[in-house]
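For reference, the structure is listed below as structure tokens.
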Amino acid sequence: MSKRIDIQKTYKLFIDGKFPRTESGRYIKWVDSKESTIVNICRGSRKDFRNAMVAARKASGSWENRTAYNRAQILYRIGEMLEGRRDQFMAELTLQGLSKKQAENEIDQSIDRLIYYAGWADKYQQVFSRVNPVSLPYFNFTVPEPTGVVAAIAPEDTSLLGLVSIIAPVIAGGNTIVILASESHPLCSITFAEVLHTSDVPAGVVNILTGYRSELIEHFSSHMDVNAILYCGDDTEHKTLVETNAALNVKRVIQFPKQNWSQNQHQSPYHIMKSQETKTTWHPIGV
Amino acid sequence: MSKTIKWEYSPAPEGTGHIELKKQYELFIDGKFVPPKSGKYFKTINPSNEKTISKVAEADQSDVNHAVASAKKAYDKTWSKMLPKERGKYIFRIARLLQERAREFSVIETMDGGKPIRESRDVDIPLASAHFFYHAGWADKLEYAFPGRQAKPVGVAGQIIPWNFPLLMASWKLAPALATGNTVVLKPAETTPLTAMKLAEIIQEADLPPGVVNIVTGAGETGKSLVNHPDVNKIAFTGSTEVGKYIMKAVAGSGKKYTLELGGKAANIIFEDAAIDQAVEGIIDAIFFNQGHVCCAGSRLYVQEGVADEVISKLRKRMETLIVGDPLDKNTDIGAINSKMQLKKIKSYVKLGSEEGGSIYQSSCPLPKKGFWHAPTIFTDVSQSNRIVQEEIFGPVLAIQTFRTVDEVIAKANNSPYGLSGGVWTDKGSKIFKVTRDIRAGVIWANTFNKFDPASPFGGYKESGVGSEGGIEGLSGYVNLV
């Protein structure tokens, strides 16, 4: 009897709720540390990013205007779907170099983080809204509103927990996102897209690209329809580039240094507020 | 009964005999008035008659270095060590002293900047002291502003303010910075430095520890030295989007925090079901308040088709009654344009508006011969792509368009790189909530326009800025949360 041949997975991009290959046709050969597995990862291009931006902008209005309760349930649903796919993430995380125990921890924490932000999606507005006691006969209130489309460079060293810790607060707050996955640990970022795909997250709300940071960071930070640029890492040159390009259209700059995302202090409603604007409305009181 | 009565107002000028102005103002550094190292001074003039009011020191790099060093020393040695409640009491003192001298400040503000005394007396100066009073109380209550986090001051704040609301902008910047425990180097605008220098006298009177507030006068170069100084930890800027972008690039990679209040091109939307007479009054407030030198001015008017003729005809009539002239006269509605340069810019836009095909209407008021003046101006027959619809003019010039549906007007309102403010006029509550939600801007006035308060956050979306000033949100630009 001949040995059964495995079906290997093709890793593609995640744009507008679909899984296209990169339009550029380029690939990056990814090899695990034991050199037992070779995967071809899409080397995303500027054009892929621009396509993702179109999708993210298109999805932005309706995602923002969904009820907070609905967004909360969708975030919870992502957690549910991740729970059901543990085995797949175990396999990929260990292939990417984690021990079994570490991989288990990372999956647990990623699910918990999604549930944490699911719970915030319909509460941060209450914590950060105010009625302001103005000295005029007016009713005056301030509410947070999503900034719009966030372009993000994901944490490099943790491909699942880091990715989830960035995406969850951004979309819980009603933004849409285009995120560049970890360059060195890309596998479960794309698999996470499959989780999103089955979690009622509308097309375009989350878009995930793979590719080289050094190539794409220029495009992520200079695109004129991006409202906020989020950068994870400590590369001084990259940070300066991001901050300089942000000036082109006054993007909000959000930065996270390299950190251990598993610590509880790295989840916070203040992370949601980083991609929120402040809107104040006045109306006269009278007859 | 229908006989038209022509109302003439007798002149009612505010007296200037009670104000104290020096012939020459020095820099305010380390609690003392010190001459600039270069020995250079520049004139500040009254834009309504072009007469020189005073001379003001021009700070160069070495003066800015001196100011930043004294702010840093004051932060390390005094201000950051002081009990927050004591810090608050100093700020309360400034508020009180300003209230006591409000009349003097109003007159000087009007002389130096050209705005009507009615506005400096009723808006600028009272709001400036209110800002100090409001923020003073926050000094020892910051743990309630940021639940779950500790708010730490940033250090030395470099603050650069514009010429349209000189003292008010100084208070918007100083009050939250001081309340949260920072020390400051403030640079007023070169055409309107006087009330800031008078404020320095009050700060001295209030016995604020030396170096906590330093004021350096000068133009763009002075501001540049401040932005690029390595010991400045935070930049707060109000001014043009162009300079705002320069600042973002200049501080890139430096780790400096920044808040920016930049330009605007606000949509003011009049629906058919609005109270039309009130709306017309609102249009006047939105675009002609402070000669239109307002970043949040309602400079794009959108009128629903069914009432367009009525609104525009009433607007023209109302424009005819606006009194343009001596800013010190208590009856004056529209004062002088702030500077020759600004007048030139406004005139070039008005010329451009006609060249682009717009129909112009200007009120027929006589304009004084001396000084810088511009008649209230509106354009009809313009479209979204016209430059006078897209670009900030910062003068009494309004571009008017019509619309049919809610979705259409929201799309038009948001079709701008700016997002500072907006206005909505309708008597239907549900429409107010829909439109105020959908306009992408930081401050929305419904059935009113151009209202300000220290408790009310003010800030822009998109290219109108980063961060807010006022309210709890305004504190966050001056703290690091740990």
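So the sequences go chain by chain: A and B. Just so you know, we're using the working numbering here: the first sequence kicks off at -14 and counts up by one. Just so you know, we're using the working numbering here: the second sequence kicks off at 263 and counts up by one. Ideal Cβ positions, reconstructed from N, Cα and C, are used throughout, including at glycine. These numbers were taken from a predicted model, which means no experiment stands behind them.
At a cut-off of 8 Å between C-beta atoms, B/G515 counts as an interface residue with respect to chain A. When DSSP reads this structure, A/T265 sits in a beta bridge with A/T127, B/V705. Proximity of the stretch 509 to 521 of chain B to the stretch 668 to 688 of chain B falls short of the contact definition, fewer than three beta-carbon pairs being nearer than 8 Å. Nearest to A/A157 by alpha-carbon distance, out of A/P129, A/L172, A/T183, is A/P129.
Contact annotation: B/A333 and B/N476 have beta-carbon atoms nearer than 8 Å. In the DSSP assignment, B/F533 falls outside any alpha helix (DSSP H) and carries neither an H nor an E. A residue is called buried when at least 16 other Cβ atoms come within 10 angstroms of its Cβ; B/T710 meets this threshold and is buried. With fewer than 16 other Cβ atoms from the protein chains shown falling within 10 Å of its own Cβ, A/D(-9) counts as exposed.
Around A/P118, the beta-carbon contacts reaching into chain B at under 8 Å are A717. At a cut-off of 8 Å between beta carbons, B/L743 contacts chain A.
Taking a beta-carbon distance threshold of 8 Å, B/N495 does not count as an interface residue toward chain A. For the stretch 215 to 237 of chain A, the set of positions with a beta-carbon nearer than 7 Å to some beta-carbon of chain B reads T221, K224, T225, E228, T229, A231, A232, N234, V235, R237 in chain order.
Residue ranges of uninterrupted alpha helix (DSSP H) with 4 or more members, entirely inside the stretch 585 to 617 of chain B and ordered along the chain, are 602 to 617. The beta-carbon of B/Y723 is placed less than 8 Å from the nearest beta-carbon of chain A. In the DSSP assignment, B/Y337 forms no beta bridge with any residue.
In the assembly as shown, B/Y352 is a buried residue. Its beta-carbon has 16 or more other beta-carbons within 10 Å. The C-beta of B/M431 comes no closer than 8 Å to any C-beta of chain A. Contacts with chain B at 8 Å (Cβ-Cβ) do not include A/R51.
Separation of the CB atoms of B/T500 and B/Y740 is rounded to 15 Å, and the pair is thereby denied contact status at 8 Å. Here A/L(-2) carries a coil assignment [DSSP, helix/strand/coil]. At a cut-off of 8 Å between beta carbons, A/T161 makes no contact with chain B. Taking a beta-carbon distance threshold of 8 Å, A/R56 does not count as an interface residue toward chain B.
Around A/Y12, no beta-carbon contact reaches into chain B at under 8 Å, the shortest distance being about 33 Å. Annotation: Cβ neighbours of B/I734 in chain A (cutoff 7 Å, chain order): R115. The Cβ-Cβ distance between A/R56 and A/A137 does not fall below 8 Å. Leaving aside the five residues that flank B/N712 on each side, the residues in its chain whose CB is nearer than 8 Å to its CB run, in chain order, D547, A548, F551, V556, C558, A559, G560.
Under the 8 Å Cβ criterion, the stretch 273 to 293 of chain B counts as touching the stretch 570 to 590 of chain B, having at least three qualifying pairs. With a threshold of 16 other beta carbon atoms within 10 Å, B/I267 falls short and is exposed. Every alpha helix (DSSP H) of 4 residues or more that sits fully in the stretch 26 to 89 of chain A is shown, in chain order, as 31 to 50, 53 to 68, 71 to 80. Contact between the stretch 181 to 188 of chain A and the stretch 49 to 63 of chain A is present: three or more C-beta pairs spanning the two stretches fall below 8 Å. In the DSSP assignment, B/F295 falls outside any alpha helix (DSSP H) and within the unbroken beta strand (DSSP E) covering 294 to 296. Residues of the same chain with a CB within less than 7 Å of the CB of B/H393, apart from the 5 flanking positions on each side, are S433, W434, A437, P716 in chain order.
In the DSSP assignment, A/Q111 falls within the alpha helix (DSSP H) that extends over 109 to 113. For A/A232, no alpha helix (DSSP H) run applies, since DSSP gives it neither H nor E.
Within the stretch 237 to 270 of chain A, contact with chain B at the beta-carbon level (separation under 7 Å) is assigned to R237, Y255, E262, T263, K264, T265, T266, W267, H268, P269. Neighbours of A/N36 across chain B, judged by C-beta separation under 9 Å, do not exist; the nearest C-beta is about 23 Å away.
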